[in-house]
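A.B. asks: First the structure, then my questions, so here it is.
Protein chains: 2
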Amino acid sequence: MLEADNAQTAHAIALDRKPDLILLDWMMPGTSGIELARRLKREEATAEMPIILLTAKGEEDNKVQGLEAGADDYITKPFSPRELVARLKAVLRRATPPGIEEAVEVEGLRLDPSSHRVTSHGGALEIGPTEYRLLQFFMTHQERAYTRSQLLDQVWGGNVYVEERTVDVHIRRLRKSLGDGHQHLIQTVRGTGYRFSIRE
Amino acid sequence: MLEADNAQTAHAIALDRKPDLILLDWMMPGTSGIELARRLKREEATAEMPIILLTAKGEEDNKVQGLEAGADDYITKPFSPRELVARLKAVLRRATPPGIEEAVEVEGLRLDPSSHRVTSHGGALEIGPTEYRLLQFFMTHQERAYTRSQLLDQVWGGNVYVEERTVDVHIRRLRKSLGDGHQHLIQTVRGTGYRFSIRE
DNA sequence: GCGCGACTGTCATATCGCTGTCATATTTTC
DNA sequence: GAAAATATGACAGCGATATGACAGTCGCGC
Chain P
1 MLEADNAQTA
11 HAIALDRKPD
21 LILLDWMMPG
31 TSGIELARRL
41 KREEATAEMP
51 IILLTAKGEE
61 DNKVQGLEAG
71 ADDYITKPFS
81 PRELVARLKA
91 VLRRATPPGI
101 EEAVEVEGLR
111 LDPSSHRVTS
121 HGGALEIGPT
131 EYRLLQFFMT
141 HQERAYTRSQ
151 LLDQVWGGNV
161 YVEERTVDVH
171 IRRLRKSLGD
181 GHQHLIQTVR
191 GTGYRFSIRE
Chain Z
201 MLEADNAQTA
211 HAIALDRKPD
221 LILLDWMMPG
231 TSGIELARRL
241 KREEATAEMP
251 IILLTAKGEE
261 DNKVQGLEAG
271 ADDYITKPFS
281 PRELVARLKA
291 VLRRATPPGI
301 EEAVEVEGLR
311 LDPSSHRVTS
321 HGGALEIGPT
331 EYRLLQFFMT
341 HQERAYTRSQ
351 LLDQVWGGNV
361 YVEERTVDVH
371 IRRLRKSLGD
381 GHQHLIQTVR
391 GTGYRFSIRE
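As they're listed, the protein sequences go chains P and Z. When the letters of the first sequence are read in order and numbered with this note's numbering, they come out as residues 1 to 200. When the letters of the second sequence are read in order and numbered with this note's numbering, they come out as residues 201 to 400.
Okay, structure coming up:
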């Protein structure tokens, strides 16, 4: 649960933390909610995030504008907690298409997002949160070299200030977790960064 | 590193020298920093330049105004050098989208920039960074002889002082990496330099 | 509210590969 | 055959990456 009381902050947080869903009030200080929605939908990093818009009763115009700006649903104030929850669920359900839930498997190494688990030939692997995300990114973007910068953006999130060398450390932790059986998949590309590859 | 102590000069320099990033103090003589930011963002030539705003502690209003004026990030004084550097990096990272490049293939020899890899009929080849760049240059500039000087400029970069003979050594290393299957592609042009060619 | 363990980011240090240069061998040219 | 150009092998310095350790945070269970 994250909160922001103005559009700037909200924007920054959205980029930074990649929330599953955004609940947006039409009335916000600074940039209007609608403008924020538009912005979020425009940027690739945040375009996929579902947005629910809160509008005051009867403001039909707002609803239309909101939906046009890219909101996925709207709720009219006042609303019951029950209604809110129902809509949240509905939007989340729609927003979590099989794509993200699909497990990936390579040479006996399997990452299953639905159970949030990594297994090697059936046996569970010890793996930290960051390493999990790193591995997930790699397994869904194989055979491609990424710089430390790009990995920071993709795995850590956009507005995060971390030393590039930190990536090295997590790569090492990931390799350690993968063990001898699979660590050859995580390859160093000297002078560039790292790569996940089946070959070689 | 360029400096200006007022908005006019800064504006001029920005236009003139096209810096990668602008660090802007909120407090400036003449036009305020915020006004300058707005101006820079309005003009096409300077709109893409990332701007980081320096604001005094606690002036929340300034931050909001700054971001609305188009600043990409802000730092509150006082700040640590570490933080400054981190933010600079992060902003630059976001501002420099990676170029998209096509793979090149010749007679089963394939160089793929996205995976940063060289393969011979599917099998990965061992190749160092410099040899990789050298090969990339050659494959994108085939059938043409280059002097050692030109290669140094193109592959090593303009302002490097390196012996011309060094090129010979890297040519050799490249040939070695390519192995018997492909080294005939790298040809010596006696008295001139080298050439990448399919023909004899 | 507190203590504990897990996780993160950073640093210092160890390693390893890459680089440029040289001395020497080989090839080409005339 | 001599001179010039290029190829080759060796090497030491340097820079990038790997590793191990550490302190700060955070969430959780008590």
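Ideal Cβ positions, reconstructed from N, Cα and C, are used throughout, including at glycine.
With a cut-off of 8 Å, does the C-beta of Ala247 of chain Z fall near any C-beta of chain P?
C.D. replies: Translated into positions along the second sequence, residue 247 of chain Z becomes position 47. Answer no: the Cβ-Cβ gap between Ala247 of chain Z and chain P never drops below 8 Å.
A.B. asks: So which residues on chain P does Ala324 of chain Z lean against when the C-beta distance must stay under 9 Å?
C.D. replies: Indexing the second sequence from 1 puts residue 324 of chain Z at position 124. Simply Ser197, Arg199, Glu200.
A.B. asks: Go ahead and pull the three-state DSSP assignment for Glu105 of chain P.
C.D. replies: Sequence index remark: in the first sequence, residue 105 of chain P carries index 105 (1-based). Three-state result, Glu105 of chain P: strand.
A.B. asks: What do you reckon, is the C-beta of Gln336 of chain Z under 7 Å from a heavy atom of the ligand HEM?
C.D. replies: Among the components of this structure there are no ligands whatsoever, and the ligand HEM is therefore not found.
A.B. asks: Tell me the DSSP secondary structure of Gly99 of chain P in three-state form.
C.D. replies: For the purposes of this step, residue 99 of chain P is identified with residue 99 of the first sequence, where counting begins at 1. Note on Gly99 of chain P: pLDDT 49, under 50, position unreliable in the model; no value is reported.
A.B. asks: Thr140 of chain P touches chain Z at which residues, Cβ-Cβ below 7 Å?
C.D. replies: Translated into the one-based positions of the first sequence, residue 140 of chain P becomes position 140. Ordered by position in chain Z, no residue passes the 7 Å Cβ test against Thr140 of chain P, which lies about 15 Å from the chain.
A.B. asks: Just the Cα atoms here: how many angstroms apart are Thr130 of chain P and Asp153 of chain P?
C.D. replies: Numbered from its first residue, the first sequence carries residue 130 of chain P at position 130. Numbered from its first residue, the first sequence carries residue 153 of chain P at position 153. Their Cα atoms are separated by approximately 13 Å.
A.B. asks: How long is the line joining the alpha carbons of Thr55 of chain P and Ala37 of chain P, rounded to whole angstroms?
C.D. replies: Locating residue 55 of chain P in the first sequence gives position 55, where the first residue counts as 1. Locating residue 37 of chain P in the first sequence gives position 37, where the first residue counts as 1. Distance between the alpha carbons of Thr55 of chain P and Ala37 of chain P: 13 Å.
A.B. asks: So if I threshold CB-CB distances at 9 Å, which residues from the stretch 172-194 of chain P count as touching chain Z?
C.D. replies: Per Cβ criterion, the list reads Val189, Arg190, Gly191, Thr192, Gly193.
A.B. asks: Which residues in the same chain as Gln383 of chain Z place their Cβ atom closer than 7 Å to its Cβ, once the five residues preceding and following it in sequence are excluded?
C.D. replies: Counting from 1 along the second sequence, the entry for residue 383 of chain Z is found at position 183. Correct list, in chain order: Arg375.
A.B. asks: What is the residue span of the alpha helix (DSSP H) that Arg148 of chain P lies within?
C.D. replies: The residue labelled residue 148 of chain P in the question sits at position 148 within the first sequence. 148-151 is the span of the alpha helix (DSSP H), which, as asked, contains Arg148 of chain P.
A.B. asks: Please report the straight-line C-alpha distance between Thr166 of chain P and Ser120 of chain P, rounded to a whole angstrom.
C.D. replies: The count along the first sequence starts at 1 and reaches residue 166 of chain P at position 166. The count along the first sequence starts at 1 and reaches residue 120 of chain P at position 120. Each residue's Cα considered, the two are about 26 Å apart.
A.B. asks: For Thr147 of chain P and Gly193 of chain P, what's the separation of their Cα atoms in angstroms?
C.D. replies: The residue labelled residue 147 of chain P in the question sits at position 147 within the first sequence. The residue labelled residue 193 of chain P in the question sits at position 193 within the first sequence. The alpha-carbon atoms of Thr147 of chain P and Gly193 of chain P are separated by roughly 4 Å.
A.B. asks: For Arg239 of chain Z, which residues in the same chain have their Cβ closer than 7 Å to its Cβ, ignoring the five residues on either side in sequence?
C.D. replies: Taking the first residue of the second sequence as position 1, residue 239 of chain Z is located at position 39. If we look at Arg239 of chain Z and ignore the five residues flanking it on each side, its Cβ neighbours are His211.
A.B. asks: When you compare each of Z:Asp220, Z:Glu243, Z:Ala245 to Ile459 of chain Z by their alpha carbons, which one comes out closest?
C.D. replies: The structure shown does not extend to residue 459 of chain Z, since chain Z is modelled only from 201 through 400, so no value can be given for it.
A.B. asks: Would Val106 of chain P and Leu134 of chain P qualify as a contact pair, given that the criterion is a beta-carbon distance under 8 Å?
C.D. replies: Along the first sequence, one-based indexing puts residue 106 of chain P at 106. Along the first sequence, one-based indexing puts residue 134 of chain P at 134. No; because the gap between Cβ atoms is not below 8 Å, this pair is not in contact.
A.B. asks: So Gln150 of chain P and Ser197 of chain P are supposed to be a Cβ contact under 8 Å. How far apart are they, rounded?
C.D. replies: The residue labelled residue 150 of chain P in the question sits at position 150 within the first sequence. The residue labelled residue 197 of chain P in the question sits at position 197 within the first sequence. Wrong, their Cβ atoms sit about 16 Å apart, outside the cutoff.
A.B. asks: Between the stretch 305-330 of chain Z and chain P, which residues of the former have CB atoms less than 7 Å from a CB of the latter, in chain order?
C.D. replies: Within the stretch 305-330 of chain Z, the residues whose Cβ lies closer than 7 Å to some Cβ of chain P are Ser314, Ser315, His316, Ala324, Pro329, listed in chain order.
A.B. asks: Between Z:Glu203, Z:Val304, Z:Gly391, Z:Leu224, which has its C-alpha nearest Asp216 of chain Z's C-alpha?
C.D. replies: What you label residue 216 of chain Z is simply residue 16 of the second sequence in a count that begins at 1. Per the Cα distances, Z:Glu203.
A.B. asks: Using 8 Å as the threshold, is the C-beta distance between Leu385 of chain Z and Leu309 of chain Z below it?
C.D. replies: If you number the second sequence from 1, residue 385 of chain Z lands on position 185. If you number the second sequence from 1, residue 309 of chain Z lands on position 109. Yes, these two residues count as a Cβ contact at 8 Å.
A.B. asks: Return the residue from the list Z:Ala303, Z:Ile234, Z:Ser315 that minimises the CA-CA distance to Asp272 of chain Z.
C.D. replies: Indexing the second sequence from 1 puts residue 272 of chain Z at position 72. Asp272 of chain Z has its Cα closest to that of Z:Ile234, out of Z:Ala303, Z:Ile234, Z:Ser315.
A.B. asks: Determine the extent of the alpha helix (DSSP H) in which Ile171 of chain P is found, giving its start and end residues.
C.D. replies: In the first sequence, the residue the question calls residue 171 of chain P occupies position 171. Element bounds for Ile171 of chain P: 165-182.
A.B. asks: Could you confirm whether any beta carbon from chain Z is found closer than 8 Å to the beta carbon of Pro98 of chain P?
C.D. replies: Looking up residue 98 of chain P in the first sequence gives position 98. Any reading at Pro98 of chain P needs caution, since the residue's pLDDT is 47, under 50, leaving its predicted position unreliable; the model's value is listed next. Chain Z contact via Cβ: absent.
A.B. asks: Does the beta carbon of Glu35 of chain P come closer than 8 Å to any beta carbon on chain Z?
C.D. replies: Looking up residue 35 of chain P in the first sequence gives position 35. Closer than 8 Å: no.
A.B. asks: For chain Z, find out if any of its Cβ atoms is closer than 8 Å to the Cβ of Glu143 of chain P; answer yes or no.
C.D. replies: The residue you call residue 143 of chain P lines up with position 143 of the first sequence. With 8 Å as the cut-off, Glu143 of chain P counts as an interface residue toward chain Z.
A.B. asks: For Ala124 of chain P, count the other beta carbons within 10 Å of its own beta carbon; 16 or more makes it buried, fewer makes it exposed. Which is it?
C.D. replies: The residue labelled residue 124 of chain P in the question sits at position 124 within the first sequence. Classification of Ala124 of chain P: exposed, given that the 10 Å Cβ count is below 16.
A.B. asks: For Gly379 of chain Z and Ala103 of chain P, what's the separation of their Cα atoms in angstroms?
C.D. replies: Counting from 1 along the second sequence, the entry for residue 379 of chain Z is found at position 179. Counting from 1 along the first sequence, the entry for residue 103 of chain P is found at position 103. If I take the Cα positions, the gap works out to 39 Å.
A.B. asks: Would Glu301 of chain Z and Pro313 of chain Z qualify as a contact pair, given that the criterion is a beta-carbon distance under 8 Å?
C.D. replies: Against the second sequence, residue 301 of chain Z aligns to sequence position 101. Against the second sequence, residue 313 of chain Z aligns to sequence position 113. Going by C-beta atoms, Glu301 of chain Z is nearer than 8 Å to Pro313 of chain Z.
A.B. asks: For Ala245 of chain Z, which residues of its own chain have a beta-carbon under 7 Å away from its beta-carbon, when the five flanking residues on both sides are left out?
C.D. replies: Indexing the second sequence from 1 puts residue 245 of chain Z at position 45. Cβ within range, chain order: Leu215.
A.B. asks: Report the option in Z:Glu363, Z:Val369, Z:Ala207 whose CA atom is closest to the CA atom of Trp226 of chain Z.
C.D. replies: Locating residue 226 of chain Z in the second sequence gives position 26, where the first residue counts as 1. The shortest C-alpha separation from Trp226 of chain Z is found at Z:Ala207.
A.B. asks: Taking Arg333 of chain Z as part of the alpha helix (DSSP H), name the residues at either end of that continuous run.
C.D. replies: Here residue 333 of chain Z refers to the residue found at position 133 when the second sequence is read from its first residue. Counting along the chain, the alpha helix (DSSP H) containing Arg333 of chain Z begins and ends at 329-340.
A.B. asks: By the three-class DSSP mapping on this structure, what secondary structure does Asp216 of chain Z have?
C.D. replies: Working through the second sequence from its first residue, we reach residue 216 of chain Z at position 16. Note: Asp216 of chain Z maps to helix in three-state DSSP.
A.B. asks: With a 10 Å radius around its C-beta and 16 neighbouring C-beta atoms as the bar for buried, classify Val362 of chain Z as buried or exposed.
C.D. replies: As a first step, residue 362 of chain Z must be located in the second sequence, where it is residue number 162. Exposed, by the Cβ-count rule.
A.B. asks: Run the CB neighbour count on Arg317 of chain Z, radius 10 Å, all protein chains shown included, and call it buried at 16 or more, exposed below.
C.D. replies: Residue 317 of chain Z sits at position 117 when you count from the first residue of the second sequence. Arg317 of chain Z should be labelled buried.
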